[in-house]
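Each remark here refers to the structure printed beneath this line.
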Amino acid sequence: MPELPEVETTRRGIEPWVVGRRVAAITIRNRQLRWPVDLPHDLVGQRVRSVGRRGKYLLLEIDTGHLIVHLGMSGSLRIVGSDEPLETHDHIDCRFTSESHTQHAEGSHAQHAEGSESSNEILLRYNDPRRFGSWHFHEGDFATHWLLESLGVEPLGNEFSGQYLHRISRNRKVAIKNLIMDSKVVVGVGNIYAAEALFMAGIRPATAARRIPERTYDKLALTIRQVLADAVRQGGTTLRDFVGSDGQPGYFGQSLKVYGRADKPCLVCHTLLKGQVLGQRATVYCPNCQRSQGFQRV
DNA sequence: AGGTTCGCCTGCGGGC
DNA sequence: TGCCCGCAGGCGAACC
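My numbering applies: residue 1200 is where the first sequence begins, and numbers increase by one.
Quick look at the structure:
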């Protein structure tokens, strides 16, 4: 599920609710996620300093380190009231004390009486049907965690550019779609946004990375940034089960040009879009708009 | 070392 | 109605 825009949507959603609060309790109902969940007991009482993101990993910075959360394919984190009924696959709850050093946004979803200390508690609730997600605690610098230490650059950061992609693609014959989905190269680009960015750049997904000229990589770096930033603005993409921290879906789905549209007409030129499997992942492209070298008829 | 495939899970839609 | 199959937003491990 969640690619960078969905994770960022979640980050922005939970940030104002948890920053400044202290962990009151962590309830783990099912430890069997991607890796067995094993959190230290001394997290209780620690204050949340910030909520960050590295690639598709959410980083809850607390006093002694970071809670590192990955949503896998089907995970979601929601802010709910402490009386919210449990649903299937609600695997982890992180309960926070009512004290807070930050002002909440208007429109609280938690059912509570204003000013009441005890009823002001909120839960950060993790639901994950497929259990491909993960929860870890890491002391100190998050970048040294084994899951994060070899991650590539942030696509919305300064290090990411056409020049960077061009340099890293030398002598690599891997399909360009697989290259931009490789988290050691650039983080956060999953199956949906890879297909969309390649369409916007006019590049055929199966093109060998080393055959693409730098000019075309300039264009690709731009469209990757564009599609991710656009999707963040719209709260991510909801195909089936993604919901933001307020339980609402994302609206970027209606902006998708190729993903999930195999055998349908291209929205630009009306040529039938072509489906293909690349690296075990379904992809879709327009045979007319997407020519290997980025040539576009426009 | 780069490239490819596997496997972890549940849920859902389509075909029969 | 029900069963079986294939497929789904990720990604590290284990293969060549």
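We put the CB at the ideal spot given by N, CA and C, even for glycine.
Contacts around residue i, its chain only, beta-carbon distance under 6 Å, and the 5 residues preceding and following it disregarded
| i | result |
| --- | --- |
| residue 1352 | 1358, 1359, 1385 |
| residue 1304 | Only weak support is given to the placement of residue 1304: the predicted model assigns it a pLDDT of 47, under 50, and the value that follows is read from those uncertain coordinates. Answer for residue 1304: 1215, listed in chain order. |
| residue 1211 | none |
| residue 1396 | 1422, 1423, 1426 |
| residue 1335 | 1267 |
| residue 1316 | For residue 1316, the pLDDT reaches just 44, beneath the cut-off of 50, and the residue's location in the model is therefore unreliable, although a value from the coordinates is still provided. Contacts found: 1297. |
| residue 1234 | 1333 |
| residue 1331 | 1233, 1271, 1272 |
Close-in-space but distant-in-sequence residues of the same chain around residue i (CB under 7 Å, 5 per side omitted)
| i | result |
| --- | --- |
| residue 1206 | 1252, 1255, 1257, 1270 |
| residue 1307 | Confidence in residue 1307 is poor, its pLDDT being 45 and thus under 50, which makes the residue's placement unreliable; the coordinate value appears in the next sentence. None. |
| residue 1364 | 1416, 1419, 1420 |
| residue 1437 | 1448, 1449, 1452 |
| residue 1313 | With a pLDDT of 42 at residue 1313, under the threshold of 50, the predicted position of this residue should be treated as unreliable, and no value is reported. |
| residue 1367 | 1384 |
| residue 1342 | 1348 |
Cross-strand partners of residue i (DSSP beta bridge)
| i | result |
| --- | --- |
| residue 1386 | Beta-bridge pairing links residue 1386 to no other residue. |
| residue 1226 | 1292 |
| residue 1334 | 1268 |
| residue 1481 | 1476 |
| residue 1458 | The partner list for residue 1458 (beta bridge, DSSP) is empty, contrary to what the question assumes. |
| residue 1436 | 1450 |
| residue 1325 | 1276, 1291 |
| residue 1221 | 1246 |
| residue 1425 | BP columns for residue 1425 are empty, so no partner. |
| residue 1231 | 1235 |
| residue 1407 | 1374 |
| residue 1352 | 1385 |
Beta-carbon proximity list for residue i, same chain, < 8 Å, skipping 5 on both sides
| i | result |
| --- | --- |
| residue 1488 | 1398, 1401, 1465, 1467, 1468, 1470, 1495, 1496 |
| residue 1262 | 1245, 1246, 1248 |
| residue 1374 | 1404, 1405, 1406, 1407, 1408, 1477, 1478 |
| residue 1383 | 1349, 1350, 1351 |
| residue 1284 | none |
| residue 1485 | 1398, 1457, 1465, 1467, 1468, 1470, 1472, 1473 |
| residue 1388 | 1202, 1203, 1354, 1379, 1380, 1396, 1423, 1427 |
Boundaries (first-last residue) of the beta strand (DSSP E) holding residue i
| i | result |
| --- | --- |
| residue 1475 | 1473-1477 |
| residue 1467 | First-last for residue 1467: undefined, no H or E at that position. |
| residue 1253 | 1247-1253 |
Distance between beta carbons of residue j and residue i, contact taken as under 8 Å
| i | j | result |
| --- | --- | --- |
| residue 1213 | residue 1278 | 6 Å |
| residue 1237 | residue 1274 | 18 Å between Cβ atoms; not a contact. |
| residue 1243 | residue 1268 | Between residue 1268 and residue 1243 the Cβ distance is about 17 Å, and since that is not below 8 Å, they are no contact. |
| residue 1394 | residue 1442 | Their Cβ separation, rounded to whole angstroms, is 22 Å, which puts residue 1394 and residue 1442 out of contact at 8 Å. |
| residue 1444 | residue 1276 | 6 Å |
| residue 1202 | residue 1392 | 5 Å |
| residue 1475 | residue 1454 | Residue 1475 to residue 1454, Cβ: 22 Å. No contact. |
| residue 1294 | residue 1322 | 5 Å |
| residue 1498 | residue 1265 | No statement about residue 1498 is possible, as the shown extent of the chain runs from 1200 to 1497 and does not include it. |
| residue 1483 | residue 1461 | 5 Å |
| residue 1459 | residue 1208 | Not confirmed; about 19 Å, so no contact. |
Endpoints, the alpha helix (DSSP H) within which residue i is located
| i | result |
| --- | --- |
| residue 1260 | Counting along the chain, residue 1260 falls outside any alpha helix (DSSP H), though it belongs to the beta strand (DSSP E) covering 1256-1261. |
| residue 1364 | 1361-1367 |
| residue 1238 | Segment: none, residue 1238 is in no alpha helix (DSSP H) and carries neither H nor E. |
| residue 1378 | 1375-1379 |
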